[in-house]
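Residue numbers (the numbering used here): 24 to 159.
For each residue, glycine too, the CB sits at the ideal point set by N, CA and C.
Since this is a predicted model, take the numbers as computed values, not measurements.
What follows is one structure encoded as structure tokens, with my remarks underneath.
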């Protein structure tokens, strides 16, 4: 059994934790109430209008803009320097067979990737799946 002094301190700690939780909840409630009142305080009819105004004032925000479908606009299909984005390679059984044939012919991973128009990591994944990569 614990000495009375220790149990009293444990009870005191539990009471302090409960008070802290109550304070945190009251602060959260107060913040939510203040945030809900912001649009009306600045003369906006809805939260949506207020959010659009804040985004416009902060330089438009990050990411894609609402109302514009993904992939549409001046940056669609292009990276810096005007290069087009690569399309995702479809790895078929035929691709795997070609990788095996090229590995047997002594080609490097980079040469295989360039020949088959797939990425070097894809070549490595195929080689690993076929058991053509040495264990470390």
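Per DSSP, the unbroken alpha helix (DSSP H) holding residue 122 starts and ends at 116-127. If you draw a straight line from the Cα of residue 141 to the Cα of residue 82, it is about 39 angstroms long. Pairing residue 143 with residue 122 gives a Cβ-Cβ distance that is not under 7 angstroms. It is roughly 15 angstroms from the alpha-carbon of residue 32 to the alpha-carbon of residue 42. By the C-beta criterion, the region 105-124 is judged to be in contact with the region 144-159, since at least 3 inter-stretch pairs fall below 8 angstroms.
Excluding five sequence positions before and after residue 61, the CB atoms of its chain that fall closer than 8 angstroms to its own CB belong to 73, given in chain order. Taking a 10 Å sphere around the C-beta of residue 132, we find 16 or more other C-beta atoms and assign the residue as buried.
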